[in-house]
Every structure is written in structure tokens, then in C-alpha cells.
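**Q**
There are 2 protein chains.
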Amino acid sequence: MSLWQSAIQTVKKNHLTGQKPQKKASQKPEFGNRGMSLEDDINDTNAYYLARELAVIHKKPTPVQIVRVDYPKRSNATIKEAYFKKPSTTDYNGVYKGKYLDFEAKETKNKTAFPLSNFHPHQIEHMKQVRNQDGVAFIITSFSVLGEVYLTMFDAFLPFWERMLSGGRKSITVDEIRQYSDQIPYGLNPRLDFLAIIDQKCF
Amino acid sequence: MSLWQSAIQTVKKNHLTGQKPQKKASQKPEFGNRGMSLEDDINDTNAYYLARELAVIHKKPTPVQIVRVDYPKRSNATIKEAYFKKPSTTDYNGVYKGKYLDFEAKETKNKTAFPLSNFHPHQIEHMKQVRNQDGVAFIITSFSVLGEVYLTMFDAFLPFWERMLSGGRKSITVDEIRQYSDQIPYGLNPRLDFLAIIDQKCF
Chain A
1 MSLWQSAIQT VKKNHLTGQK PQKKASQKPE FGNRGMSLED DINDTNAYYL
51 ARELAVIHKK PTPVQIVRVD YPKRSNATIK EAYFKKPSTT DYNGVYKGKY
101 LDFEAKETKN KTAFPLSNFH PHQIEHMKQV RNQDGVAFII TSFSVLGEVY
151 LTMFDAFLPF WERMLSGGRK SITVDEIRQY SDQIPYGLNP RLDFLAIIDQ
201 KCF
Chain B
1001 MSLWQSAIQT VKKNHLTGQK PQKKASQKPE FGNRGMSLED DINDTNAYYL
1051 ARELAVIHKK PTPVQIVRVD YPKRSNATIK EAYFKKPSTT DYNGVYKGKY
1101 LDFEAKETKN KTAFPLSNFH PHQIEHMKQV RNQDGVAFII TSFSVLGEVY
1151 LTMFDAFLPF WERMLSGGRK SITVDEIRQY SDQIPYGLNP RLDFLAIIDQ
1201 KCF
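Written out as C-alpha cells, the structure reads:
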């Protein structure tokens, strides 16, 4: 049984018996990122929100430049040559209680800083445009080795991007992220309840 | 010189000389859809909105299931086998004055009715979810032979979809579309100013 399945079993059992989960001496989160990618966690969270009619948020398809397609029939057309395109927007957007949400989610194995090379200049420009239209723009960063995930509102993130553009460091330190962001705790369902933070920030 | 270039020349000349454009005896729109697809017209309109900071609306990339990729280097990876996936959402979404907009745009050569087979059930379900989150969902339909483009709010469109589901006709007649929609007139720039209609409906 995997650790993940084990955690689910424990929760189910405690639920049935009415027991509170035992507190662990460890500082580690109870439901950590056990082999799931940040993208998986966010997609699962969005599926949870959608199923409960809490929000409608989707990941955009990967942008692809299609060059050659074989059409034996339209229904089973096969793309034979295509290339990845640089994204001109963020990966995720949607609607929550009437508000437009727009965000990019990235993870790093770095333990001390988040490299800004994870973001494209186009994406930053896009988030500026979104903010200027009164949309809610933010960034989710995961330090996968530390097991910590943060939500940084775009306005808090932008000064670090601009510091890099003016010749400063090309990353945001963990301490800076901690100071200017809210941590999204790992949960069982949803796994990363980022809307709880949006609730505090925007409603 | 194409008709389109000719129209631009005429407008430029009239602008320079201060002359009003001559009215034509013809009932045809002055700036018709002369060989441009609806998608081109909407993409151009969205680019116009974006450049003037009026709205941030993008077409989503075509969803593709990537099966095989050659990686000589990551930077020039070539997709060698991929398939088109059915879209689970609409093609366009974005933010306008803080509101979340979401729409699907389709055209037909049919002169008397708009076939509902142009829409996937998933897309209708998605627009329901958007509306339930207080997003603004609508449909843009183009009768390319008639040169007429309409914006139908999702709540006005849904009864026709449900009529089909209960065994009724599989299309919306032109007269029905005219009755329950607003026509988007062709313009020079932007080509299809659909936000003018959203302004009336939602602000």
C-alpha cells in the first residue's frame, strides 16, 4: 500500500470511528506531495471545485503549431508534424463567484530560491493586462523538495520580476516568497485549496 | 486590388478629405466578411481590444493528445504523432472590466438555419457552469453566405439546445436567431465589436 493510499485509509477509518487523526511529532505536512506533480495536484483541485460547483477553472491545452496532418478521415486525423509553441498566456484561467481568475503554476527542486526563468516575459505581460482589467492574477510556486506550495498575488510578485529586469538576482529566495505569499497547505480533498486564499484576498 | 484593400483605401481617402463615405444603394454591409473566416475576424477584434487595453480575450489552443515526440534537443522537439481531442470547454475566454467572458464562435454556409451539431454537449455543459459562477457566457454565430453575425446570450440559446434534446429540430432558424440575438455589424476596426453588445447586456 502506498503512503497515499495509507493516508486515505486512515482518514476513512477515523471518519468511521469518529476518532480524531493522531498528531504526528514530525513537522512534515500530513498529506504531502507524495509523487504527484504540482500540475496533477492543481488539476485534481480544479476537478474538485468543478464537481462541487465552487469554481470553473481549466488548464489551457499546450499550444502547438501543427504543420502536417494525415486525413484518412477527419474523425481520425493524425498529426504527423507539429512543434511546441511558447505560451502567450498563463496555463490556468476561469471564473469564481463572478471573478476572473488567471494564474501560472510552477515547481522547482531548488531548496533556497525560485528561479524566475520558469516564467516567460509574455506571461508576465499577460498577467499585467489581466490585473488592469480587474481580473485576479496570481502565481502558485511549489518547492517540491521542501513540500511547500505558495500563492503569490501578481502585485506582490511583480517587484521581484522587475528587480531581475534591472539587473538584480534571477530568482526569489524562499524567505522572500514566504514573506510575500500565503502558503497553500496540502490537504486530502481538495489537495491544494488555493481558493481559500483568494477568498481572504479578494472577498 | 482586392475589395477589402479597396474599402480601406476609400476610408483612408475620405478621412483625409473629410468626405463622408457615399451611401450605397445595395443592402450589403459596407465592410462584409470578404474572405475572412469568423475566427480571423474574432482574433483580429481581440487583438484590437488587447492593444487598446479594453479587454483581455484569447482563443484557447486546439486541444491535442500528444503521443510521440522526437527530442533531439528540448528546444526543437518535434511532435511526430498526435491526435485532435474533443474540446471540453469553449474556444474563447477572458476578462472585460472585471467580468469573466466565455464564448464559442461558429459559422455556417446554411442560409436558413444554424445547425446545432456545430456545438459539443461538453461546451454547453461548460457554459452552464460558467453562468452558474456569474460568468458571462454567449455564442457568436456567423451566416457567412448572408454576411450576418449574431451574438446570442447563453440563456437565450439554451432553450433551442433543450428543444433538440427533447426531440425537436436540430437547428435554430435564422428568424429565431434574429429574434433572440443581437446582430454584430461588420466594421473596419474592430471588425466585430461584440463588446458593444456585452456593454448593453451586462453593464
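Heads up: the protein sequence lines correspond to chains A and B, in order. In terms of this note's numbering, the first sequence opens at residue 1 and continues consecutively. In terms of this note's numbering, the second sequence opens at residue 1001 and continues consecutively. Just so it is clear, CB atoms sit at the ideal spot from N, CA and C, and this is done for glycine as well.
So residue 78 of chain A packs on residue 69 of chain A, CB below 8 Å; how close in whole Å?
**A** Rounded, the Cβ-Cβ distance is 7 Å, consistent with contact.
**Q** What residue range does the alpha helix (DSSP H) around residue 122 of chain A cover?
**A** Note, residue 122 of chain A: alpha helix (DSSP H), 121 to 132.
**Q** Is residue 1045 of chain B close to chain A, meaning its C-beta is less than 8 Å from at least one C-beta of that chain?
**A** Chain A, which has no Cβ nearer than 8 Å to the Cβ of residue 1045 of chain B, makes this no.
**Q** For residue 153 of chain A, list the residues DSSP reports as bridge partners.
**A** Residue 153 of chain A pairs with A:138.
**Q** On the DSSP bridge list, what partners appear for residue 1078 of chain B?
**A** Per DSSP, A:83 and B:1070.
**Q** With 7 Å as the limit, tell me which residues of the region 59 to 74 of chain A have their beta carbon closer than that to any beta carbon of chain B; keep them in chain order.
**A** Against chain B - using a Cβ distance shorter than 7 Å - the residues of the region 59 to 74 of chain A are 60, 61, 62, 63 and 64.
**Q** By Cβ distance below 8 Å, which residues in the same chain neighbour residue 58 of chain A in space, the five residues on each side in sequence not counted?
**A** Excluding sequence neighbours, residue 58 of chain A sits near 46, 92, 93 and 94.
**Q** Report the neighbours of residue 81 of chain A on chain B: residues whose CB is nearer than 8 Å to its CB, in chain order.
**A** Those are 1078, 1079 and 1080, listed as they occur along chain B.
**Q** Which two residues bound the contiguous beta strand (DSSP E) that contains residue 106 of chain A?
**A** That run of the beta strand (DSSP E) goes 99 to 108.
**Q** Relative to the C-alpha of residue 1161 of chain B, which candidate in B:1128, B:1134, B:1150 and B:1187 has its C-alpha closest?
**A** Of B:1128, B:1134, B:1150 and B:1187, the residue nearest in Cα terms is B:1128.
**Q** Short check: CB of residue 90 of chain A to CB of residue 102 of chain A, under 8 Å?
**A** Going by C-beta atoms, residue 90 of chain A is nearer than 8 Å to residue 102 of chain A.
**Q** In chain C, which residues lie less than 8 Å from residue 84 of chain A when you measure between Cβ atoms?
**A** Structure shown: chain C not included; protein chains present are A and B.
**Q** With distances taken from CA atoms, which of A:108, A:167, A:87 and A:51 is nearest residue 145 of chain A?
**A** Checked all of A:108, A:167, A:87 and A:51; the closest Cα to residue 145 of chain A is A:108.
**Q** Of all the residues that make up the region 98 to 109 of chain A, which are near chain B by a beta-carbon distance shorter than 9 Å?
**A** Against chain B - using a Cβ distance shorter than 9 Å - the residues of the region 98 to 109 of chain A are 98, 99, 100, 101 and 102.
**Q** Where in the region 157 to 197 of chain A do unbroken runs of the beta strand (DSSP E), each at least 3 residues long, occur, reported from the N-terminal end onward?
**A** Here the runs fully enclosed are 171 to 173.
**Q** Within 10 angstroms of the Cβ of residue 183 of chain A, are there 16 or more other Cβ atoms? Answer buried if so, exposed if not.
**A** It is exposed - the Cβ of residue 183 of chain A has fewer than 16 other Cβ atoms within 10 Å.
**Q** Would residue 1040 of chain B pass as a contact of residue 1192 of chain B if the rule is Cβ separation under 8 Å?
**A** No, the Cβ-Cβ distance between residue 1040 of chain B and residue 1192 of chain B is not below 8 Å.
**Q** Give the single residue among B:1098, B:1049 and B:1148 whose Cα lies nearest to the Cα of residue 1038 of chain B.
**A** When each option's Cα is compared against that of residue 1038 of chain B, the closest is B:1148.
**Q** If I'm right that residue 1190 of chain B touches residue 1048 of chain B with Cβ under 8 Å, what's the distance once you round it to whole angstroms?
**A** With a Cβ gap of about 4 Å, residue 1190 of chain B and residue 1048 of chain B count as contacting.
**Q** Check whether the Cβ atoms of residue 1157 of chain B and residue 1140 of chain B sit closer than 8 Å, and answer yes or no.
**A** Going by C-beta atoms, residue 1157 of chain B is not nearer than 8 Å to residue 1140 of chain B.
**Q** Hey, is residue 1199 of chain B's beta-carbon within less than 8 Å of any beta-carbon in chain A?
**A** Answer no: the Cβ-Cβ gap between residue 1199 of chain B and chain A never drops below 8 Å.
**Q** Identify, in the order they occur along the chain, each residue of the same chain with its Cβ nearer than 6 Å to the Cβ of residue 131 of chain A, setting aside the five sequence neighbours on each side.
**A** The residues are 137 and 154.
**Q** Check whether the Cβ of residue 22 of chain A lies closer than 8 Å to any Cβ atom in chain B.
**A** Confidence at residue 22 of chain A is low in this model, with a pLDDT of 41, below 50, so the placement of that residue is unreliable and no value is reported for it.
**Q** Taking 8 Å as the threshold (beta carbon to beta carbon), is residue 1133 of chain B in contact with chain A?
**A** Yes, its Cβ sits closer than 8 Å to a Cβ of chain A.
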